[in-house]
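Read through the structure below, which is laid out as structure tokens, and then see the notes.
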Amino acid sequence: MFLVAGAYWVVQRETDLAVLAALLVVIVRYAEPLASFINYTKIIHLVEASLLRIEALLMVPELPQLPEQHPQRYDISFELVDFSYQGSSQPNLIGFNLTIPARSMTALVGPSGGAGKTTVTRLLMRYADPQTGTVKIGGVDIRAIPPETLNSIVSVVFQDVYLFDDTILANIRMARPEASDLEVQQAAKAANCHAFITRFPQGYLTHVGDIGSRLSGGERQRISIARAILKNAPILVLDEPTAALDTESEVAVQAAIDTLIKDKTVIVIAHRLSTVASASNIVVVEDGRLVEQGIHNELIANPGRYSSMWQTQQRVKNWHVARTANQIAHVLSRILYLAGQPLESLVKAQNIITFSCACAGALNLVV
Ligand code: ADP
0 MFLVAGAYWV
10 VQRETDLAVL
20 AALLVVIVRY
30 AEPLASFINY
40 TKIIHLVEAS
50 LLRIEALLMV
60 PELPQLPEQH
70 PQRYDISFEL
80 VDFSYQGSSQ
90 PNLIGFNLTI
100 PARSMTALVG
110 PSGGAGKTTV
120 TRLLMRYADP
130 QTGTVKIGGV
140 DIRAIPPETL
150 NSIVSVVFQD
160 VYLFDDTILA
170 NIRMARPEAS
180 DLEVQQAAKA
190 ANCHAFITRF
200 PQGYLTHVGD
210 IGSRLSGGER
220 QRISIARAIL
230 KNAPILVLDE
240 PTAALDTESE
250 VAVQAAIDTL
260 IKDKTVIVIA
270 HRLSTVASAS
280 NIVVVEDGRL
290 VEQGIHNELI
300 ANPGRYSSMW
310 QTQQRVKNWH
320 VARTANQIAH
330 VLSRILYLAG
340 QPLESLVKAQ
350 NIITFSCACA
360 GALNLVV
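Quick note on numbering: numbering that gives the first Met the number 0 labels position 163 of the sequence shown as 162, and the sequence is numbered without any gaps.
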């Protein structure tokens with residue numbers, strides 16, 4: 000554009016060639032630094048926005064501490080807890096009472112999206128304090144437990160796992176920075192991670208950033224379980240850790256979880272009730288209230304929220320079984336047809352498969 004205009008001015012004798020050449024040199028000389036400067040201003044805006052967010056975080060007042068006490072046991076109790084998030088128009092937990100014995104497994108279930116299950120676990124980790132009531136660990140009000148002690152006695156495994164842009168070794172070791180390489184490896188073995196980690200040419204020293212997209216959801220989840228195994232905290236919160244996984248990953252992750260939860264006080268938030276049917280206590284939370292609790296067999300024997308949720312999930316499971324049955328029957332009849340079998344045997348085979356799959360569905364309902 001400038002060149003065309005310059006040529007025009009030269010032809011019109013409004014400027015001479017030497018001035019145009021000098022101008023061109025100046026423009027070329029400054030174009031690159033100018034472009035870099037414009038890029039820097041974009042980065043400065045980004046940094047400014049991040050700083051504002053960090054500042055807002057630093058401005059959050061610290062939660063008040065009671066005189067320091069350290070729990071000697073790891074049972075948990077919520078005593079008449081009322082809690083509302085800041086700016087919330089209605090209470091998010093109301094008169095919440097729950098006793099969790101040490102080394103037991105308590106499942107929090109209920110409608111997904113807003114019942115209050117995650118809020119219960121957040122209060123245990125002291126992300127906030129309840130407006131009334133108390134949360135205790137080993138009989139000690141958690142407001143008296145120093146934050147670093149509380150952090151060391153509670154581990155959390157979330158559904159979404161965040162891995163830092165560092166090596167796999169560092170990502171696992173962050174749970175206990177003083178752990179040796181051998182301890183990290185032992186934790187990874189217990190979490191069923193060792194085999195897939197050693198398949199990478201650099202093994203434990205592989206950078207997560209380089210392989211981020213090559214790690215499946217199940218593998219990332221097992222790394223977070225390895226972290227929790229390494230930390231070895233006596234209280235464990237599992238927030239739907241297998242909810243987003245396919246069946247194969249779920250089996251591997253579940254095996255890792257079984258190792259992790261041994262001898263721990265466990266609170267698990269579960270959507271699929273079949274995964275927590277063996278829990279020592281199942282707690283149904285709805286609209287911020289504890290509406291039912293007990294063991295699986297007791298709860299399904301009585302009409303109530305849990306038994307209706309259980310039946311709904313079983314119906315969905317049976318629908319899947321029936322759909323698979325129809326698909327198998329359809330494929331088999333095609334094979335028999337192509338093999339030149341008479342129509343009679345096609346119908347017979349189809350009926351047998353559909354019938355047996357329906358029986359399997361009914362069996363699921365009973366089990
Ligand atoms: P659940 O885990 O059972 O799905 P949550 O404990 O996450 O339920 O949410 C309970 C209620 O608290 C919901 O109404 C939700 O909108 C509200 N809530 C959750 N987190 C926050 C937050 N950080 N700020 C304000 N309200 C929140």
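By construction, the Cβ of each residue, glycine as well, lies at the ideal position given by its N, Cα and C atoms.
The C-alpha of Ile42 is placed about 13 Å away from the C-alpha of Ala34. Per DSSP, Ala254 lies in no beta strand (DSSP E) segment; the continuous alpha helix (DSSP H) that holds it begins and ends at Thr246 to Leu259. In the same chain as Val153, and ignoring 5 residues on each side of it, the C-beta atoms closer than 7 Å to its own belong to Leu123, Met124, Ala232, Ile234 and Val236, in chain order.
Met104 sits in a strand when the DSSP states are folded into three classes.
In the DSSP assignment, Phe195 falls within the alpha helix (DSSP H) that extends over His193 to Thr197. Not one heavy atom of ligand 1 falls within 7 Å of the beta-carbon of Tyr305. When the beta-carbon positions are compared, Arg175 and Lys261 stay at least 8 Å from each other. Distance from Val252 to Gln220 at the Cβ level is roughly 5 Å; contact confirmed, criterion being Cβ atoms closer than 8 Å.
Under the three-state reduction of DSSP output, Asn280 falls in the strand class. In the DSSP assignment, the residues bridged to Val267 are Ala106 and Leu237. When C-alpha distances from Ser87 are compared across Glu47, Val267, Gln130 and Ala189, the shortest belongs to Gln130. The DSSP-derived three-state label of Val290 is strand. Remark: the C-beta of Val283 is outside contact range of ligand 1, defined as less than 7 Å to any heavy atom. According to the DSSP assignment, Asn96 belongs to the beta strand (DSSP E) that extends over Leu92 to Ile99.
By the neighbour-count criterion, in which 16 or more other beta carbons inside 10 Å mark a residue as buried, Ser223 falls on the buried side.
Less than 8 Å separates the beta-carbon of Gly109 from that of Val283. Assignment of Gly137 by DSSP, reduced to helix, strand and coil, places it in the coil class.
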